[in-house]
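Structure, as structure tokens:
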Amino acid sequence: QQQVKQSPQSLIVQKGGISIINCAYENTAFDYFPWYQQFPGKGPALLIAIRPDVSEKKEGRFTISFNKSAKQFSLHIMDSQPGDSATYFCAASKDNFNKFYFGSGTKLNVKP
Amino acid sequence: DTGVSQDPRHKITKRGQNVTFRCDPISEHNRLYWYRQTLGQGPEFLTYFQNEAQLEKSRLLSDRFSAERPKGSFSTLEIQRTEQGDSAMYLCAITSGGANEQFFGPGTRLTVL
């Protein structure tokens, strides 16, 4: 059973547009929700993360929105650039330093 | 640079052969994790260490897989009698200090022919 469900599987956005990727989880014990960016042939790189005590976190062009009651969280990429074209993964974990459960990934293509 | 190196970056082997991968954090980190990522999927947890102790193993880690972290620094992951289904990217990750963030190495891509 997949612990974290991610959508869409792929996304095409025009340069300057907003990219939105969604994730949903079932386990209410999860208390840490990171987003990773991965380029082909590379390891995932941490982008931004949130804990359930806040509803939104923003770092530069990246924003996480978190809805605890709906058990959903999303990544918004503002002013999307061709260099943002990559695969994005959401993840969740419970307790500190514990293993991550990853979503299945979203392949983002930002058209120039 | 995440402070994690992995070796080799690519490995091609024939079915039935044994392979060993290595993960080297640049500095000492308490926790070290191994994940497996198949094409088009997110990473899946395999096992993790706190210092030298292996604290958890996934059901994905069959008895053909063994991982070690002998001195609490680098770690090795060995796969015996490889099967075509073992073809994947094997990722190592570390936590830094008191934070929960996991930082991944570049991975080792294994192809079993």
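Same order as they appear, the protein sequences are chains A and B.
Its first residue numbered 10, the first sequence is counted upward by one per residue in the numbering used here.
Its first residue numbered 1096, the second sequence is counted upward by one per residue in the numbering used here.
For each residue, glycine too, the CB sits at the ideal point set by N, CA and C.
Can you round the beta-carbon distance between residue i and residue j to whole angstroms, since I take them to be within the 8 Å contact cut?
i                  : j                  : result
Thr1115 of chain B : Glu1173 of chain B : 5 Å
Gly112 of chain A  : Val13 of chain A   : 5 Å
Gln46 of chain A   : Ala95 of chain A   : 5 Å
Leu1155 of chain B : Leu1141 of chain B : 6 Å
Gln18 of chain A   : Thr115 of chain A  : 6 Å
Pro1165 of chain B : Glu1147 of chain B : 7 Å
Gly1200 of chain B : Cys1118 of chain B : 6 Å
Tyr34 of chain A   : Lys80 of chain A   : 5 Å
Ile86 of chain A   : Ser28 of chain A   : 4 Å
Hey, quick one: how far does the beta strand (DSSP E) through residue i stretch, first residue to last?
i                  : result
Tyr1143 of chain B : 1139 to 1145
Lys1152 of chain B : 1148 to 1152
Leu1134 of chain B : No beta strand (DSSP E) holds Leu1134 of chain B; DSSP gives it neither H nor E.
Gln15 of chain A   : 13 to 16
Thr1177 of chain B : Neither: Thr1177 of chain B is in no beta strand (DSSP E) and is coded neither H nor E.
Met1184 of chain B : 1183 to 1190
Lys103 of chain A  : Per DSSP, Lys103 of chain A belongs to no beta strand (DSSP E) and is neither H nor E.
Arg1204 of chain B : 1203 to 1207
Ser1161 of chain B : 1160 to 1163
Can the beta-carbon of residue i be found less than 9 Å from the beta-carbon of residue j?
i                  : j                  : result
Pro1138 of chain B : Leu1186 of chain B : yes
Phe39 of chain A   : Lys108 of chain A  : no
Lys77 of chain A   : Pro61 of chain A   : yes
Ser1157 of chain B : Glu1123 of chain B : no
Ser1100 of chain B : Leu1127 of chain B : no
Glu1196 of chain B : Pro43 of chain A   : yes
Phe1144 of chain B : Leu55 of chain A   : no
Val119 of chain A  : Gly50 of chain A   : no
Residue i: which of the options sits nearest, CA to CA?
i                  : options                             : result
Ala100 of chain A  : A:Asp88, A:Ala58, A:Ile29           : A:Ala58
Lys24 of chain A   : A:Asp93, A:Ser89, A:Tyr110, A:Lys51 : A:Ser89
Arg1159 of chain B : B:Phe1144, B:Arg1117, B:Thr1177     : B:Thr1177
Arg70 of chain A   : A:Asp93, A:Val63, A:Ser64, A:Tyr41  : A:Asp93
Val63 of chain A   : A:Phe75, A:Gly52, A:Phe48           : A:Phe75
On the criterion of 16 or more Cβ atoms from any shown chain inside 10 Å, does residue i qualify as buried, or is it exposed?
i                  : result
Leu117 of chain A  : buried
Met1184 of chain B : buried
Val1207 of chain B : buried
Ala1188 of chain B : buried
Ile1095 of chain B : The displayed coordinates of chain B run from 1096 to 1208. Any statement about residue 1095 of chain B would go beyond what the structure contains.
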